[in-house]
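Novice: Can you read through this structure? Questions will come right after.
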Amino acid sequence: MQALGCLFILFLLLFSSQPSFSFTLSQAEASFIASRQLLALPENGDLPHDYEYEIDVKVTFANSRLRRAYIALQAWKKAIYSDPYNVTGNWVGPNVCSYNGVFCSVAADDPQASVVAGVDLNNADIAGFLPLELGHMTDLSLFHVNSNRFCGIVPKSFSKMEILHELDLSNNRFVGPFPEVVLSIPKLKYLDIRYNDFEGPLPPELFDKDLDAIFLNDNRFEDTIPENLGNSPASVIVFANNNLSGCIPQSISKMKHTLNEIIFLNNHLSGCLPPDIGLLENVTVFIAASNSFSGILPKSLSSMKSLELLDVSDNHLTGFVPENICKLPSLGNFTFSYNYFKGESPACVTSKQMDVVFDDTSNCLPDRPKQKTSKTCMPVVNRPVDCGKSKCAGSSSPLPSRPTPPDPPHRESPIVRTRSPPPPPPVYSPPPPVSSPPPPPVHSPPPPPVYSPPPPPPVYSPPPPVHSPPPPVHSPPPPVYPPPPPVHSPPPPPVHSPPPPVHSPPPPVHSPPPPVHSPPPPVHSPPPPVHSPPPPVHSPPPPVHSPPPPVYSPPPPIYSPPPPPPSPSPPPPAHSPPPPSPDFILPPHIGFQYSSPPPPMFPGY
């Protein structure tokens, strides 16, 4: 037996020493790549004036714009540290329109000129940095590099991309404060920076910008959510899995005509849920799970007639769960487990005659299974919070201690077996529907649905048919993802760790699904010359009688297509977008959804 045991251990050691199906990037390599970028930056961090004319190019081009694109792409190729699939192997010669991942179109202001209109290197597992010279590609309308191993910062020169509509940097290793250069891109509609290492506060200017989709989840953002949140015209905003604190801004009520999905999952938010959220008449997904909210459920929630998924689990909420919330006309899943509710309407208990799933696990409800002990309940239930006395409702009752999640391991770059995106883990990040403009001439491959739920018990499986609007914008027909079946698992303690690599397909939970093909969502504005196909938005299905999953991290998208307009229908219909114009070479289309990219396969990445 000892010999067999030794052989088994030896086999494991040998197996683990073989090259993996993905190429990892050590911390030392990431630091080296970032230092290369810093050394290459000029003193002010921006492109020098007339820099393009200082470059001696030996070949000729049809126009100066293609010449600038050639300079940018050759500089980028030199900034690449590892390209395991040799994606940039054909980036040679003056025909930049034939380069892998590069798409050309007719210039918006000159029908006689061909220009580089899009870059899509999603899921290529490339390691490197973004050089300053990329600012020469001023005709880009989409820039997708999700699920790679790019390091360093986003260069200031991106502000020169004046018609860029979609920017997807998700599931990489970018660092530093929020990349404020994106606030200088005038036409930007879709911003996806989830699954990186950005940190610090969120700039208020972000919510004054005309964006339709904002994915911020799974970074290290901290401080409070800016008070001008309500100024944003976005249809979907995901704050999940950061270190944000404070209250939900009361200005959120100003988003009542535009907002479809909002996710606050797994932060450190506190206070009472503001009554203003009842004015969000078009919201289909509202997730505030795994925070420190206290007080009672606002009566105004009964006015949210479009609400399909409501998750307030794993907080310190008390009081009674009323019938008028449990009987909302569009409701499909209401999870209020792991709180201190002492009563609920009979309408809030799941039955075979109902299509709605309710989860009341681990509360203080009499005659209900799997509840807290009276010893745990009494100190909180007997000292209710008066939400009317404090703007940010601090709790007058002792708040129960929350399990502290283990320190996340060093984030390694996601493992990629092939060019296809990895499956997403369960997360709470919803792929929100976004009304996007008509499909542009060029489409980048659509990404798969995101919203992978957290690893814990399957709750709210992502790919459910919910709020997925019919027609994806500027994209080939998106695949339809059936909602995952409910799972009944014991309530796991909240774990705030990102799911396996993804930008991954959706597992159960409402966290941003894994980005496999991250959808580029231009919305409420005409698409730029090139737009990646919008993915349909499907909100994650509601969890079935399962305790709130502790970890809800949305996976980063692999192929990001633009998001389609939201529609509150349970099952996500498959819609085929209008066929692309034959005049343009489009990237291959793979089904996509308006959701977050798949999470990395290395735990803690």
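Residue numbers (mature numbering (1 follows the signal peptide of the UniProt record, and there is no 0)): -22 to -1, 1 to 583.
Don't be surprised by glycine CBs; every beta carbon is placed ideally from N, CA and C.
Predicted, not measured: the structure shown is a model, and the values here were computed from it.
1. Who are the near neighbours of Pro178 in its chain, counting only those whose CB is closer than 6 Å to its CB and skipping five residues on each side?
2. Of all the options Leu161, Ser210, Asn41, which has the alpha carbon lying nearest to the alpha carbon of Ala91?
3. What does the Cβ neighbour count give for Pro324, buried or exposed, with the cut at 16 atoms within 10 Å?
4. Taking the beta carbon of His294 as the centre, do at least 16 other beta carbons fall within 10 Å, making it buried, or is it exposed?
5. If you measure between the beta carbons of Ser291 and Tyr316, is that distance less than 9 Å?
6. Helix, strand or coil for Val160? Go by DSSP, reduced to three states.
7. Taking 6 Å as the limit between beta carbons, can you name the residues of its chain near Gly208, skipping five residues before and five after?
8. Quick check on the DSSP output: the beta strand (DSSP E) that includes Glu177 runs from which residue to which?
9. Could you check where the alpha helix (DSSP H) with Leu44 kicks off and where it finishes?
10. How big is the Cα-Cα spacing for Ser272 and Ile255?
11. Please name the residue, chosen from Val335, Ile163, Ser83, Pro347, that lies closest to Glu183 on a Cα-to-Cα basis.
12. Would you kindly work out how many angstroms separate the C-alpha atoms of Val473 and Asn197, rounded to a whole number?
13. If you follow the alpha helix (DSSP H) that Ser352 is part of, which residue opens it and which one closes it?
14. Taking buried to mean at least 16 other C-beta atoms within 10 Å of its own C-beta, is Lys367 buried or exposed?
15. Give me the Cα-Cα distance between Pro276 and Ser213, rounded to the nearest whole angstrom.
16. Does the Cβ of Pro109 lie closer than 8 Å to at least one heavy atom of the ligand MG?
17. For Lys350, I'd like the list of residues in its chain whose CB is within less than 7 Å of its CB, leaving aside the five on either flank, ordered along the chain.
18. Would you check if the distance between the CB atom of Pro133 and the CB atom of Glu158 is smaller than 9 Å?
19. As a quick exercise: from Gly297, Cys365, Pro72, Asp61, pick the residue whose alpha carbon is nearest that of Met356.
20. For Phe176 and Arg346, what's the separation of their Cα atoms in angstroms?
21. Taking only the alpha-carbon atoms, compute the straight-line gap between Phe199 and Pro252 and give it to the nearest angstrom.
22. Assuming Asn124 and Arg151 make a contact with CB atoms under 8 Å, what is their CB distance in whole Å?
23. Measure how close the beta-carbons of residue 599 and Leu110 come, nearest whole angstrom, since I'm counting them as under 8 Å.
24. In terms of residue numbering, what span does the alpha helix (DSSP H) encompassing Glu301 cover?
25. Give me the Cβ distance between Ile203 and Gly224, rounded to the nearest whole Å; I'm assuming they're in contact under 8 Å.
26. Tell me the start and end of each unbroken beta strand (DSSP E) in the stretch 254 to 290 that is at least 3 residues and wholly inside, in chain order.
27. In the DSSP assignment, the beta strand (DSSP E) including Phe136 goes from what residue to what residue?
28. Can you round the beta-carbon distance between Leu194 and Val160 to whole angstroms, since I take them to be within the 8 Å contact cut?
29. With a threshold of 7 Å on Cβ separation, who are the neighbours of Leu285 within its own chain once the five nearest residues in sequence on each side are excluded?
30. Give me the DSSP bridge partner(s) of Cys250.
31. Thinking C-beta only, is Leu189 closer than 9 Å to Leu222?
32. Using three-state DSSP, classify Leu112 as helix, strand or coil.
33. Tell me where the beta strand (DSSP E) around Tyr316 begins and ends.
34. Tell me the rounded alpha-carbon separation between Leu169 and Thr354.
35. Look up Val153 in the DSSP assignment and give the residues it is bridged to.
36. Do Asp103 and Asn68 have their CB atoms nearer than 9 Å?
Specialist: Looking at the coordinates:
1. Locating residue 178 in the sequence shown gives position 200, counting from the first residue. Here residue 178 is Gly; the residue named in the question, Pro, does not match the sequence. Excluding residues within five positions, the ones whose Cβ falls inside 6 Å are Pro155.
2. As a working note, residue 91 is residue 113 in the sequence shown. Looking at the Cα atoms, Asn41 is the closest of the given residues.
3. Start at 1 with the first residue of the sequence shown, and residue 324 comes out as number 346. That one is exposed.
4. The sequence position of residue 294 within the sequence shown is 316, counting from 1. Its Cβ being crowded by 16 or more others within 10 Å, His294 is buried.
5. The residue you call residue 291 lines up with position 313 of the sequence shown. The residue you call residue 316 lines up with position 338 of the sequence shown. Yes; because the gap between Cβ atoms is below 9 Å, this pair is in contact.
6. Residue mapping note: residue 160 aligns to position 182 of the sequence shown, counting from 1. Helix, per DSSP.
7. To locate residue 208, count along the sequence shown from 1; it is residue 230. Closer than 6 Å at the Cβ level, and outside the excluded window around Gly208, lie Ser229, Ile230, Lys232, Met233.
8. Along the sequence shown, read from residue 1 onward, the residue named residue 177 stands at position 199. Looking at the DSSP string, the run of the beta strand (DSSP E) that includes Glu177 is 175 to 178.
9. As a first step, residue 44 must be located in the sequence shown, where it is residue number 66. Its alpha helix (DSSP H) spans residues 42 to 56.
10. Position 294 of the sequence shown, counted from the first residue, corresponds to residue 272. Position 277 of the sequence shown, counted from the first residue, corresponds to residue 255. Cα-Cα distance, rounded: 15 Å.
11. Position 205 of the sequence shown, counted from the first residue, corresponds to residue 183. Here the closest residue by C-alpha is Ile163.
12. Locating residue 473 in the sequence shown gives position 495, where the first residue counts as 1. Locating residue 197 in the sequence shown gives position 219, where the first residue counts as 1. Low per-residue confidence applies at Val473: pLDDT is 38, beneath 50, and the placement is therefore not dependable, though the value from the model is reported in the following sentence. Rounded to the nearest angstrom, the two C-alpha atoms are 15 Å apart.
13. Here residue 352 corresponds to residue number 374 of the sequence shown, with the count starting at 1. That run of the alpha helix (DSSP H) goes 352 to 359.
14. Along the sequence shown, one-based indexing puts residue 367 at 389. It counts as exposed.
15. Position 298 of the sequence shown holds residue 276. Position 235 of the sequence shown holds residue 213. Going from the Cα of Pro276 to the Cα of Ser213 covers about 23 Å.
16. Ligands are entirely absent from the displayed structure, and the ligand MG is therefore not among its contents.
17. Locating residue 350 in the sequence shown gives position 372, counting from the first residue. If we look at Lys350 and ignore the five residues flanking it on each side, its Cβ neighbours are Ser340, Asn341, Cys342.
18. Along the sequence shown, one-based indexing puts residue 133 at 155. Along the sequence shown, one-based indexing puts residue 158 at 180. Result no, Cβ atoms of Pro133 and Glu158 do not sit closer than 9 Å.
19. Taking the sequence shown and counting its residues from 1, one reaches residue 356 at position 378. It is Gly297 whose Cα lies nearest to the Cα of Met356.
20. Walking along the sequence shown from the start, residue 176 turns up at place 198. Walking along the sequence shown from the start, residue 346 turns up at place 368. Roughly 43 Å between the two C-alpha positions.
21. Your numbering for residue 199 matches position 221 in the sequence shown. Your numbering for residue 252 matches position 274 in the sequence shown. Their Cα atoms are separated by approximately 22 Å.
22. One-based indexing of the sequence shown puts residue 124 at position 146. One-based indexing of the sequence shown puts residue 151 at position 173. Their Cβ separation, rounded to whole angstroms, is 12 Å, which puts Asn124 and Arg151 out of contact at 8 Å.
23. Since the first residue of the chain shown is -22 and the last is 583, residue 599 is not available in this structure.
24. Here residue 301 refers to the residue found at position 323 of the sequence shown. Its alpha helix (DSSP H) spans residues 301 to 304.
25. The sequence position of residue 203 within the sequence shown is 225, counting from 1. The sequence position of residue 224 within the sequence shown is 246, counting from 1. The Cβ separation is near 7 Å, so the contact holds.
26. 263 to 265, 270 to 273, 287 to 289
27. Here residue 136 corresponds to residue number 158 of the sequence shown, with the count starting at 1. From DSSP, Phe136 is part of no beta strand (DSSP E); its letter is neither H nor E.
28. The residue labelled residue 194 in the question sits at position 216 within the sequence shown. The residue labelled residue 160 in the question sits at position 182 within the sequence shown. The pair is not a contact, with the Cβ atoms about 11 Å apart (cut-off 8 Å).
29. On the sequence shown, position 307 is the one that residue 285 refers to. Correct list, in chain order: Val261, Thr262, Phe264, Leu306, Ser308, Leu309.
30. In the sequence shown, the residue the question calls residue 250 occupies position 272. Bridge partners of Cys250: Ser272.
31. Here the question's residue 222 lines up with position 244 in the sequence shown. Here the question's residue 189 lines up with position 211 in the sequence shown. No, the Cβ-Cβ distance between Leu222 and Leu189 is not below 9 Å.
32. Taking the first residue of the sequence shown as position 1, residue 112 is located at position 134. In the structure shown, Leu112 sits in a helix (DSSP, three-state: H, G or I).
33. As a first step, residue 316 is located in the sequence shown; it is residue number 338 there, counting from the start. Per DSSP, Tyr316 belongs to no beta strand (DSSP E) and is neither H nor E.
34. Numbered from its first residue, the sequence shown carries residue 169 at position 191. Numbered from its first residue, the sequence shown carries residue 354 at position 376. Taking the straight line from one Cα to the other gives about 43 Å.
35. Stepping through the sequence shown from its first residue, residue 153 is reached at position 175. DSSP, once it has assigned bridges, lists Asp175 as partnering Val153.
36. Walking along the sequence shown from the start, residue 103 turns up at place 125. Walking along the sequence shown from the start, residue 68 turns up at place 90. No, the pair does not count as a contact, with Cβ atoms beyond the cut-off.
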